[in-house]
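Have a look at the structure below, then the notes.
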């Protein structure tokens, strides 16, 4: 799992180094998908996650990316492009996706935007596990 996590963190840094800040989340996601394809990883984008209450589907969540690293290793990646630092709200969202998908580890990645007093030189990355 460490190899997959490290590779995805490297991809995020590479994207931010090349594109910088100022783009919509969808641009960063497509760039991430290109890098995953070039690295030979299988993935699903916009993975629909049904939410059930008392046996009834009450809606769906949507994980940005689910990356498959072999040997039953999977990683959920939730991307953000916000002007503020990541909050517990985003981390809670990722934890819920992990629980619903039965996946143990995820990455929450924020490509920081202009509007902060100081824009960081690399994306904010948090590893989340359940």
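Numbering (my numbering), first residue to last: 3 to 132.
We put the beta carbon where it would ideally sit given N, CA and C, even for glycine.
The structure presented is a predicted model; accordingly, all values stated were derived computationally and were not measured.
Identified DSSP bridge partners for residue i
{"i": "residue 59", "result": "54"}
{"i": "residue 49", "result": "65"}
{"i": "residue 1", "result": "The structure shown does not extend to residue 1, since the chain is modelled only from 3 to 132, so the question has no answer here."}
{"i": "residue 129", "result": "109"}
{"i": "residue 86", "result": "None; residue 86 has no bridge partner."}
{"i": "residue 38", "result": "DSSP lists no partner for residue 38."}
{"i": "residue 33", "result": "Residue 33 is not bridged to any residue."}
Option nearest residue i by Cα separation, candidates the options
{"i": "residue 49", "options": "59, 36, 55 and 68", "result": "68"}
{"i": "residue 84", "options": "4, 30, 16 and 15", "result": "30"}
{"i": "residue 125", "options": "101, 115 and 132", "result": "115"}
{"i": "residue 101", "options": "57, 110 and 53", "result": "53"}
{"i": "residue 76", "options": "122, 106, 95 and 63", "result": "106"}
{"i": "residue 45", "options": "120, 6, 19 and 111", "result": "6"}
{"i": "residue 87", "options": "127, 33 and 17", "result": "127"}
{"i": "residue 70", "options": "122, 111, 55 and 42", "result": "42"}
{"i": "residue 112", "options": "82, 66 and 131", "result": "82"}
Three-state class that DSSP yields for residue i in the structure shown
{"i": "residue 66", "result": "strand"}
{"i": "residue 14", "result": "helix"}
Buried versus exposed call for residue i [16 or more other C-beta atoms within 10 Å across all chains shown]
{"i": "residue 73", "result": "exposed"}
{"i": "residue 92", "result": "buried"}
{"i": "residue 90", "result": "exposed"}
{"i": "residue 14", "result": "buried"}
Could you tell me whether the stretch 44 to 64 touches the stretch 6 to 25, using the rule of 3 or more Cβ pairs below 8 Å? no
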